[in-house]
Amino acid sequence: MKRNLLTTFLFTSVLFFGFATNVYAGTIYGHPTYIGLSSGLVGSWSFDGRDLYRASDLGQIRYASDRSGQGNDGTLNGSATPGIGKIGQALSFLSSTPGSVNMGTPSVLNNLAAFSASAWINFDTVTGDKRIVGKCTGVANCVGWRFFVNGSNNRLFFGVDYDVTNLDRVSISNTVLPNEWYHVVVTWDGSATAANAHIYVNGSEVSYTSTVNGDTSRADDSTTDFVIGAAANGTADNFSGEIDDVRIYNRVLSPDEIKRLYKIGATLKLGVAPQNLNRGLAGLFSFDGNGIAGLIAYDSSGNNNSGTLTGGPVKAIGKIGQALNFDGVDDYVEVPDGSTNSLDVTGALTASVWFKMNNNPVNQSEGLINKFRSQTGFLNERAYAIIVNTTGTINATISSDGTNVPDSTSASATGAVDRADGGWHLATMVFIPSTSLTLYVDGAQEAQDVVSVPASIFNSPAPFWIGLTFNSTDTERYANALIDEARIYSRALTPDEIKRLYKIGATLKTGVAPQNLNSGLVGSWSFDGKDMANLTAYDRSGSNNNGTLTNGPARVIGKIGQALNFDGVNDYVDAGTNASLDDAFASS
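Right, here's the structure in full:
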């Protein structure tokens, strides 16, 4: 029979077979909703995983949800990709490839009489103006307003287009500096008096070098797109760096409210890591909920190296969010080789992966991550690999000509400690051409090869595998382990960076829950941005009970991420007649 998911409340639905025998209290990390900081909020883009979603279940991340409840979702363009933020996740913009988030011209953002714009920013040293947010084309006649970092002197600039003379309010030089996170706010009462525009950095108002009043009539910006990270035309004032937690209010925030808004990010350290841990990132497989759709594991580095889950690796609670559990029999993830594959690193390399072995002792050498094949018919395809030996020790290997290892054209480093101990460990391999191959475990150096180190790594036509490698007698070696957060860099991370990379997982405990809460799960509809596409609410239990939004339930801020608001008249979500839901409500 048809099941209609119907309620007049804001909710997140989870269906189980069987009763849970234990109940656990936990911590939900989200954006605090301090009293007064929701009043007048007409746009809020966190860029967290739950607030980014795809055009379809198998597509790339394309949209950023507006958490204000106004429905001002934006389209990601160019280089705008998820990155490590100040408060959870941010969007990262490359200097070499313009990127932006375009919300179009929603009425609630047009010709605001008074407003406040707020964001966390971390920009790089690339010269040129860097647009934070605005409704302005970037050409001589802006037709709107803009808030940006002046690239020549690190000033913050706020401007509004007027018929004769534009309103300008500009901070002193070096108000903000590259490669540091800042909370920046501009407030404006809508008048032509520039002194009524105020700029704040980290909760305090700045000093000004220029104040120019607007003359005659303010330009009508109703046909100018609202854009984050670039001018409205998408080709000027491109931001390079990270932008996080952008907010627009249709009122002037008070100095006290701005201080409180700053403290949200100043005190919250969730998921925070140095900006340089994104630099040179060639591949990132997080296996989190927003990183997997069906049998596709998405590459979160922005390089589109999507992999295919093969043999049935199972989603499990990971070291950082969600992991995959590989059975040691036939499970693996494969990323095909290609002409534009960024995983074909031939120079300096860092490969890093969190793992937790399921078996002790290890029955065979088991592959964690590699681009390394030696089967008959596929000879000379060895590039780099991290494996677990039969003794539980970790081995890192590179080859410069794709042939057998070890030999004079390869380098190898093997640890001395059994890591098949039932605990989580971070294995990291760093190759510096002609200098060294170093193995780090849990942020500390464990082994190093500095003898006849090759000048390059072989450009192997083999796929990139997670959970699989091959030995010299053509035998597949599958990992019997949980694997999480696999990373490849096209540069050599420093020892300090490796320690900081380890600390992300060593201290981060989000997403941790008792395993029995997954047992018997046949339906899970979070209604978060990543789990919605047009009129479809995706079921993340793995049972494929996707629902159809009917008669217009609206996306709103929920208790955990995003919710749906049902009007009590005719709104509902229809999940069809899948047999897995039959008699579900008789259980849990």
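In our numbering, each residue's number is its place in the sequence shown (first place is 1) plus 16.
No residue lacks a Cβ here, since even glycine has one placed at the ideal position from N, Cα and C.
Here the structure is a predicted model, which means the values were calculated and not measured.
What is the DSSP secondary structure of Pro98, counted as helix, strand or coil?
-> If you number the sequence shown from 1, residue 98 lands on position 82. In the structure shown, Pro98 sits in a strand (DSSP, three-state: E or B).
Element boundaries [beta strand (DSSP E), containing Lys331] | Position 315 of the sequence shown, counting from 1, holds the residue named residue 331. Where Lys331 is concerned, the enclosing beta strand (DSSP E) stretches over Val330 to Ile333.
Which term fits Pro48, buried or exposed, when burial requires 16 or more other beta carbons within 10 angstroms of its beta carbon?
-> In the sequence shown, residue 48 corresponds to position 32, counting from 1. Note that Pro48 has pLDDT 40, beneath the 50 cutoff, so the model's placement of it is unreliable and the number below is only indicative. Exposed, because fewer than 16 other Cβ atoms sit within 10 Å of the Cβ of Pro48.
Cross-strand partners of Asp343 (DSSP beta bridge) = What you label residue 343 is simply residue 327 of the sequence shown in a count that begins at 1. Per DSSP, Asn496.
Ile312, DSSP secondary structure in three states | Residue numbering aside, residue 312 sits at position 296 when the sequence shown is read from its first letter. Strand.
Hey, how far is the Cα of Val466 from the Cα of Val345?
-> For the purposes of this step, residue 466 is identified with residue 450 of the sequence shown, where counting begins at 1. For the purposes of this step, residue 345 is identified with residue 329 of the sequence shown, where counting begins at 1. Distance between the alpha carbons of Val466 and Val345 is about 35 Å.
Length of the line joining the Cα atoms of Gly438 and Val192 = In the sequence shown, the residue the question calls residue 438 occupies position 422. In the sequence shown, the residue the question calls residue 192 occupies position 176. Roughly 46 Å between the two C-alpha positions.
So does the stretch 94 to 106 actually touch the stretch 208 to 221, counting three or more Cβ pairs closer than 8 Å?
-> no
Does the Cβ of Val180 have 16 or more other Cβ atoms within 10 Å, making it buried, or fewer, making it exposed?
-> Within the sequence shown, residue 180 is the residue found at index 164, counting from 1. Val180 is exposed by the Cβ-count criterion.
Should Asp205 be labelled buried (16 or more other beta-carbon atoms within 10 Å of its own) or exposed?
-> Here residue 205 refers to the residue found at position 189 when the sequence shown is read from its first residue. Asp205 is exposed by the Cβ-count criterion.
Leaving out the 5 sequence neighbours to the left and right, which residues in its chain are closer than 7 Å to Val142 when beta-carbon positions are compared?
-> Residue numbering aside, residue 142 sits at position 126 when the sequence shown is read from its first letter. So the qualifying residues of the chain are Ser111 and Ser256.
Exposure of Asp241, with buried meaning 16 or more beta-carbon neighbours within 10 Å = Locating residue 241 in the sequence shown gives position 225, counting from the first residue. With 16 or more Cβ atoms within 10 Å of its Cβ, Asp241 is classed as buried.
Counting only the same chain and skipping the five closest in sequence on each side, list residues whose C-beta sits under 7 Å from that of Pro477.
-> Walking along the sequence shown from the start, residue 477 turns up at place 461. Excluding sequence neighbours, Pro477 sits near Asp353 and Glu397.
In the DSSP assignment, what are the bridge partners of Ile414?
-> In the sequence shown, counting from the first residue as 1, residue 414 sits at position 398. Per DSSP, Tyr400 and Ala427.
Just grab the DSSP bridge partners of Trp61 for me.
-> In the sequence shown, counting from the first residue as 1, residue 61 sits at position 45. Paired residue(s): Val262.
Assuming Val58 contacts Val124 (C-beta within less than 8 Å), just tell me the rounded distance between them.
-> For the purposes of this step, residue 58 is identified with residue 42 of the sequence shown, where counting begins at 1. For the purposes of this step, residue 124 is identified with residue 108 of the sequence shown, where counting begins at 1. With a Cβ gap of about 5 Å, Val58 and Val124 count as contacting.
Can you tell me whether Ser226 is buried or exposed, with buried defined as 16 or more other CB within 10 angstroms of its CB?
-> Within the sequence shown, residue 226 is the residue found at index 210, counting from 1. With fewer than 16 other Cβ atoms within 10 Å, it is exposed.
Look at the alpha carbon of Val361 and the alpha carbon of Lys279, and state the distance between them as a whole number of angstroms.
-> Locating residue 361 in the sequence shown gives position 345, where the first residue counts as 1. Locating residue 279 in the sequence shown gives position 263, where the first residue counts as 1. Spanning the two alpha carbons is a distance of roughly 41 Å.
Excluding the 5 residues preceding and the 5 following Asn126 in the sequence, name in chain order all residues of the same chain whose CB lies nearer than 7 Å to its CB.
-> Taking the sequence shown and counting its residues from 1, the one referred to as residue 126 is at position 110. Contacts found: Asp237 and Ser238.
Cross-strand partners of Ile448 (DSSP beta bridge) | Here residue 448 corresponds to residue number 432 of the sequence shown, with the count starting at 1. According to DSSP, Ile448 bridges with Ser452.
Using the rule of at least 16 other Cβ atoms within 10 Å of the residue's Cβ for burial, across every protein chain shown, is Gln291 buried or exposed?
-> The residue labelled residue 291 in the question sits at position 275 within the sequence shown. Residue placement at Gln291 cannot be trusted, given a pLDDT of 47 that sits under 50; the coordinates are not used to answer.
Assess, as a yes-or-no matter, whether the stretch 401 to 410 is touched by the stretch 376 to 387 under the definition of 3 or more beta carbon pairs within less than 8 Å.
-> yes
Taking the continuous beta strand (DSSP E) assigned at Gly175, which residues delimit it?
-> Here residue 175 corresponds to residue number 159 of the sequence shown, with the count starting at 1. It spans Arg171 to Val176 - the beta strand (DSSP E) in which Gly175 sits, taken as one unbroken run.
Exposed unless 16 or more other CB atoms sit within 10 angstroms - verdict on Ser84 | Counting from one through the sequence shown, the residue named residue 84 turns up at place 68. Answer is buried; the Cβ neighbour count reaches 16.
Same chain only: Cβ atoms within 7 Å of Asn357, ignoring 5 sequence neighbours per side = As a working mapping, residue 357 is identified with position 341 in the sequence shown. Same-chain partners within the cutoff: Asn321.
Spatial neighbours of Lys318 within its chain, please: CB distance less than 6 Å, with the 5 preceding and 5 following residues excluded, ordered by chain position.
-> Here residue 318 is taken as the residue at index 302 of the sequence shown, counted from 1. It should be pointed out that residue 318 corresponds to Gly in this sequence rather than to Lys. Within the same chain, Gly318 has close Cβ partners Thr97.
Starting from the C-beta of Thr454, find all residues in its chain whose C-beta is less than 7 Å away, skip the five residues before and the five after it, and write them out in chain order.
-> Stepping through the sequence shown from its first residue, residue 454 is reached at position 438. Same-chain partners within the cutoff: Ala429, Val446, Gln461 and Gln464.
Which residue from Ala135, Ala313, Lys331 and Ala332 puts its Cα closest to that of Thr324?
-> Indexing the sequence shown from 1 puts residue 324 at position 308. Checking every option, the nearest Cα to that of Thr324 belongs to Ala313.
What number of angstroms, rounded off, separates the C-alpha of Ser189 from the C-alpha of Leu68?
-> Residue numbering aside, residue 189 sits at position 173 when the sequence shown is read from its first letter. Residue numbering aside, residue 68 sits at position 52 when the sequence shown is read from its first letter. Their Cα atoms are separated by approximately 35 Å.
DSSP-derived helix/strand/coil call for Ala247 | In the sequence shown, residue 247 corresponds to position 231, counting from 1. In this structure, Ala247 counts as coil in the three-state DSSP scheme.
So is Asn118 in contact with chain C if we call contact Cβ pairs under 8 Å?
-> Going by chain labels, chain C is absent from the structure shown, which holds only one protein chain.
Starting from Glu382 and walking both ways along the beta strand (DSSP E), at which residues does that stretch end?
-> Within the sequence shown, numbered from 1, the residue matching residue 382 stands at position 366. First-last of the beta strand (DSSP E) with Glu382: Glu382 to Arg389.
Kindly list the residues whose CB is nearer than 6 Å to the CB of Asp231, restricted to its own chain and excluding five residues on each side of it in sequence; keep chain order.
-> Reading the sequence shown from its first residue, position 215 is the one you call residue 231. Closer than 6 Å at Cβ, skipping near neighbours: Tyr178, Val180 and Thr181.
Where Ser596 and Tyr554 are concerned, what is the direct C-alpha to C-alpha distance, given to the nearest angstrom?
-> Here residue 596 refers to the residue found at position 580 when the sequence shown is read from its first residue. Here residue 554 refers to the residue found at position 538 when the sequence shown is read from its first residue. For Ser596 and Tyr554, the distance between alpha carbons rounds to 15 Å.
Residue environment, Val585, which counts as buried when at least 16 other CB atoms sit within 10 Å = Walking along the sequence shown from the start, residue 585 turns up at place 569. Classification of Val585: exposed, given that the 10 Å Cβ count is below 16.
So what does DSSP say about Ile280, is it helix, strand or coil?
-> Locating residue 280 in the sequence shown gives position 264, counting from the first residue. Helix, per DSSP.
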